[in-house]
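The next block holds one structure in the form of structure tokens; read it before the comments.
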Amino acid sequence: MKTGTSELFSKIPTQLITTLGCLHDYLIFSDMEHTVAGVQIYDSLDNVLQDVKSRNPEFNIYHEQQDCIADQESCSEGANRSHEAWVLDKYKTTHIAGKTFYMRPNYKWYIFIEADTYVLWPNLVQWLGSLNSSEEHFLGSLMLIGDVGFAYGGSGYILSQPVLKEFSRIFPTLSGKYDYEAKSHCCGDYIFSVALNETLGLSVKDIWPKLNTEKPYTLPFGPTHWCGPAVTMHHMSPEEISSFWEFEGDFYRSQSTLRELPRKLSFRDIYNYFVAPKLLDAREDWDNLSDDIHYSKTTTAKHDSYLSDIEKTAHQSFENCKITCEANTKCFQFRFHDGTCSISTAFKLGRARKGYPESDRWMSGWMKPRIQEWIKDIGECL
342 MKTGTSELFS KIPTQLITTL GCLHDYLIFS DMEHTVAGVQ IYDSLDNVLQ
392 DVKSRNPEFN IYHEQQDCIA DQESCSEGAN RSHEAWVLDK YKTTHIAGKT
442 FYMRPNYKWY IFIEADTYVL WPNLVQWLGS LNSSEEHFLG SLMLIGDVGF
492 AYGGSGYILS QPVLKEFSRI FPTLSGKYDY EAKSHCCGDY IFSVALNETL
542 GLSVKDIWPK LNTEKPYTLP FGPTHWCGPA VTMHHMSPEE ISSFWEFEGD
592 FYRSQSTLRE LPRKLSFRDI YNYFVAPKLL DAREDWDNLS DDIHYSKTTT
642 AKHDSYLSDI EKTAHQSFEN CKITCEANTK CFQFRFHDGT CSISTAFKLG
692 RARKGYPESD RWMSGWMKPR IQEWIKDIGE CL
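Quick note, this note's numbering runs 341 ahead of the 1-based positions in the sequence shown.
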């Protein structure tokens with residue numbers, strides 16, 4: 342697990358008593374050595390080239406944390422360190438990979454996650470059991486920067502032993518190269534994916550949506566997220582991790598037996614518990630994250646020739662936006678804000694958007710009968 346000193350005590354304790362609590366072995370890496378309630382936190386950056394650490398201003402926060410003689414919160418009081426911590430984070434990933442195999446060389450699989458990642462371990466174990474760990478595997482949720490694909494770190498990525506073993510063998514001779522190059526890149530997950538490609542000729546195999554960038558309230562339920570098993574989710578707050586941990590425990594206790602493997606927890610199960618009871622026909626001060634088609638005054642004028650009469654007025658009001666969604670048989674939900682109507686072919690709960698003036702409120706709606714009919718047509722997940 343990768344974390345940072347700035348978030349160590351806000352995120353790690355919840356992970357320790359929930360998702361990490363069922364594991365007999367794990368490693369937590371940060372940007373300085375520490376302990377949390379007796380659990381060792383390792384410095385992922387101690388082997389970064391000294392020239393990089395001493396000359397690169399992106400390491401200022403690293404040195405300041407090391408120099409703090411009291412608690413980190415008091416040493417950074419009055420300063421917003423989140424951006425500095427995010428920039429420093431990109432130097433960790435390759436070193437964490439190299440350290441991990443050196444510290445734990447005998448595992449078949451290595452799962453790399455972040456402090457706001459939730460792992461559904463029973464689903465993960467069942468799924469990995471269907472793969473051959475003696476083969477080369479680099480599994481993740483594919484993202485692109487330009488035309489370069491990489492495994493998105495927030496949803497986690499997985500390496501088989503042959504991959505991490507060979508990378509760790511080569512890495513000491515190349516670590517300095519990536520330490521220097523990191524300054525010109527945005528993100529550690531990108532750098533690590535490039536490093537695996539350059540050293541082993543290996544590219545990430547995209548297994549989205551199993552490894553997912555979303556969480557229960559932002560998952561796009563529908564054709565891509567229904568009967569399949571969820572393995573990871575991202576951007577989970579400590580509160581959300583706690584509530585999902587309780588839900589997952591109840592799920593397995595309610596249907597597992599000693600004679601057979603429990604049923605995999607699916608996206609449908611997540612929807613039924615976290616989203617379905619909360620859906621209304623309409624909700625004020627709410628963004629349900631509709632994002633497939635957008636209608637505004639500007640786009641309507643630009644595409645007037647092929648828009649229907651209903652679509653041409655979608656941006657004028659919440660009611661017109663609703664009518665536009667109703668007219669599109671693939672539309673499950675809609676949102677109206679600031680003269681823009683957005684519709685979606687998936688259904689999500691979303692998040693609150695409060696504090697806006699009456700003329701600029703966020704308004705969201707769902708086609709509940711259509712959603713229920715779609716679910717009925719899909720039937721039971723086998």
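Every residue, glycine too, gets a C-beta built ideally from N, C-alpha and C.
The count of Cβ pairs closer than 8 Å, one atom from the segment 589 to 596 and one from the segment 654 to 670, stays below three, leaving the stretches out of contact.
Nearest to LEU361 by alpha-carbon distance, out of THR435, ASP372 and VAL380, is VAL380. Of the residues LEU485, ALA687 and GLU477, the one whose Cα lies closest to the Cα of THR565 is ALA687. As the crow flies, the alpha-carbon of MET577 is around 22 Å from that of ASP626. Apart from the 5 residues on each side of it in sequence, LEU480 sits with its Cβ closer than 6 Å to the Cβ of ILE499, LYS546 and ILE548 in its chain, given in chain order. In this structure, PHE615 sits away from TYR531, with a CB-CB distance that is not shorter than 8 Å.
Restricted to the segment 590 to 646, the beta strand (DSSP E) segments that are unbroken, complete and at least 3 residues in length are 623 to 625 and 634 to 636, listed in chain order. By the Cβ-count criterion, ALA426 is buried, with 16 or more other Cβ atoms from all chains shown falling within 10 Å of its own Cβ.
VAL489 has ILE486 as its beta-bridge partners, per DSSP.
Looking at the DSSP output, GLU455 bridges to LYS343. Taken in chain order, the complete alpha helix (DSSP H) segments of 4 residues or longer contained in the segment 505 to 567 are 529 to 541.
For PHE350, there is no enclosing beta strand (DSSP E); the residue is part of the alpha helix (DSSP H) that begins and ends at 349 to 358. When ILE437, SER607 and GLU507 are compared, the shortest CA-CA separation from PHE370 is found for ILE437.
If you compare the alpha carbons of GLU699, LEU552 and GLU589 with that of HIS575, the shortest gap goes to LEU552. Around the CB of THR346, 16 or more other CB atoms lie within 10 Å, so the residue is classed as buried.
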